[in-house]
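Letter by letter, the sequence shown follows residues 0 to 383 of numbering that gives the first Met the number 0. To start, the structure itself, in structure tokens.
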Amino acid sequence: MMKVASVKVVSVDFYRELFPRPYMFFAELLLWKKKWSSGFHILLDGYDGFGGLGVGALQYLRDEYPSKSTLVFPTLPSTFPDSTAQQDSCRVLNLMFCLQNVSEHCSLFAPLCLGSKGWRQPGPPRTFPHLLYDASLAYHSSAILATALDTITLRYRCRESPASGLAELCDELSRHGRRAAAASLGLPFAMKPDAFLLDTLETWQGPLWQSLSPNCLLEEDRIWMQSVVLRGITPNRMRNPKKEEEYTLKSNQAYTCTSIKDMLSLFLSCCSYATLSHVTAANSACRVTAPFPQIFSDYVSIDGSISDTKRFENTSVYSVPAIAGLHTSSSVGTMLESLHFQSNRLQFKKFHHFGSAGLEEDEYIECLNQLLQLRECYYEEFDV
0 MMKVASVKVV SVDFYRELFP RPYMFFAELL LWKKKWSSGF HILLDGYDGF GGLGVGALQY
60 LRDEYPSKST LVFPTLPSTF PDSTAQQDSC RVLNLMFCLQ NVSEHCSLFA PLCLGSKGWR
120 QPGPPRTFPH LLYDASLAYH SSAILATALD TITLRYRCRE SPASGLAELC DELSRHGRRA
180 AAASLGLPFA MKPDAFLLDT LETWQGPLWQ SLSPNCLLEE DRIWMQSVVL RGITPNRMRN
240 PKKEEEYTLK SNQAYTCTSI KDMLSLFLSC CSYATLSHVT AANSACRVTA PFPQIFSDYV
300 SIDGSISDTK RFENTSVYSV PAIAGLHTSS SVGTMLESLH FQSNRLQFKK FHHFGSAGLE
360 EDEYIECLNQ LLQLRECYYE EFDV
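Pasting the structure below:
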């Protein structure tokens, strides 16, 4: 039987013993040489004992580098085969302790899971129109989440990005105490082989992306603030030069856009009421050659465009355009509320191994209250 370890936040002293001083000196020297570095982004398991280890590391970084921003992505598997009710309950408690402690020590965090529910059981997997993936395979689910991470973080990883890119991202999305965000991904960004971005956006139906955070339905919610990254669309595909006269006659505002970033910003401002959007555009597409799994439908061309005919047999997709983002909205509060509900209904005294790990019922109650306080930041009365 699989044993679910309990979360216990590891002390900062543990990390001073774990990492010898020469290694910490090297880390400090690296940060000194890269003074433009505005912080850290951290990927950690949120559902087992490694969550407590990750929170301890996060606390250590905050103590050592208090001026640096920290963006955290707690991850959850998309399936738990052969899991018992007891293990499901332990997982809920682990998630509650982990996310609440992460919220105390980070600048911003966004849970990642391909399951639509995520807590006791991941629930039905998220659907992508042009992907044929098996949610039970970590090989598939991890590739999708990695693509989202690689795209989202382009905002502060590009050479032309400002030195404060990560800090600005965290500051913008965590206003009013909203340290939790939802992640999203559109893979591939669906464009016809010879289409232009303007024509594609004008005829687009449905959401641009799919939520990657549990219990968050971004397509049904008004988003307050968001950071969106579109990659793989080059400037020459912004609009059709043969339709310049048509655009002029229609007084199309999109004709005044001089970049992919401006055009997507205009589109989001028209589609999302009172949403503050930061858009990043990168020319480079996402490389999906081996070892990336071939999970694309037969109608995805080798360059990631969506064709009306099937791809030739024995040919693989080598690159795809993608869109991804981080968002704050009331559905993030729904996510936190659902975790609070699942945690609050459990009788903590029945989980003896949490007590043996050093956790007391008072800590459990305090974590529940603090999680509820974080959830209250996402009511409409606190809208930006």
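Here a beta-carbon is modelled for each residue, glycine too, at the ideal position from N, C-alpha and C. Keep in mind that this is a model prediction, so the values were computed, not measured.
When secondary structure is reduced to three states using DSSP, Asp44 falls in the strand class.
Under the 10 Å beta carbon count, His40 is surrounded by 16 or more other beta carbons and is classified as buried. Ser226 sits in a strand when the DSSP states are folded into three classes. Assignment of His326 by DSSP, reduced to helix, strand and coil, places it in the strand class. Cβ-Cβ separation between Cys112 and Pro213: approximately 5 Å, consistent with a contact (criterion under 8 Å).
With a 10 Å radius around the Cβ and a threshold of 16 neighbouring Cβ atoms, Ser135 comes out exposed.
Residue range 275–281 is occupied by the beta strand (DSSP E) that includes Ala281. Rounded to whole angstroms, the separation of the alpha carbons of Lys242 and Pro80 is 54 Å.
For Asp193, the closest alpha carbon among the candidates Ser102, Pro240, Gly48 is that of Pro240.
Judged by DSSP in its simplified three-state form, Pro240 adopts helix. Beta-bridge partners of Ile305 (DSSP): Val299. Counting only residues of its own chain and dropping the five nearest sequence neighbours on each side, Arg344 has no CB closer than 6 Å to any other CB. Assigned with DSSP and collapsed to three states, Gln209 falls in strand. Around the CB of Ser66, fewer than 16 other CB atoms lie within 10 Å, so the residue is classed as exposed. Listed in chain order, the alpha helix (DSSP H) runs fully inside the stretch 77–164 are 84–104, 137–151, 153–156, counting runs of at least 4 residues. With contacts defined as CB atoms closer than 8 Å, His129 and Ala182 fail to qualify as a contacting pair. Between the stretch 257–274 and the stretch 227–239, the count of C-beta pairs closer than 8 Å reaches three or more; the two stretches touch.
By alpha-carbon distance to Ser329, the top candidate from His139, Ala84, Gln225 is Gln225. Val319 places its beta carbon less than 8 Å from that of Val287. By the beta-carbon neighbour count (other beta carbons within 10 angstroms, threshold 16), Pro123 is exposed. Straight-line measurement puts the Cα of Trp203 at about 26 Å from the Cα of Ala145. The secondary-structure analysis by DSSP pairs Val287 with nothing; it has no beta-bridge partner.
Between the alpha carbons of Arg221 and Ser271 lies a distance of about 7 Å.
Between the stretch 332–343 and the stretch 60–78, the count of Cβ pairs shorter than 8 Å is below three; the stretches do not touch.
When secondary structure is reduced to three states using DSSP, Val71 falls in the strand class. Using a Cβ distance threshold of 8 Å, Cys97 and Gly45 count as a contacting pair.
When rounded, the separation of the alpha-carbon atoms in Thr327 and Thr150 is 18 Å.
Between Leu216 and Ile322 a beta carbon distance of about 18 Å is seen, past the 8 Å cut, so the two are scored as non-contacting. Here Ala253 carries a helix assignment [DSSP, helix/strand/coil].
Between Leu200 and Met237, the C-beta gap is not smaller than 8 Å, which leaves the two residues out of contact.
With contacts defined as CB atoms closer than 8 Å, Leu172 and Gln209 fail to qualify as a contacting pair.
A straight line joining the alpha-carbon of Val101 with that of Ser160 spans about 26 Å. Around the beta carbon of Ile143, a 10 Å sphere encloses 16 or more other beta carbons of the protein chains shown; the residue is thus reported as buried.
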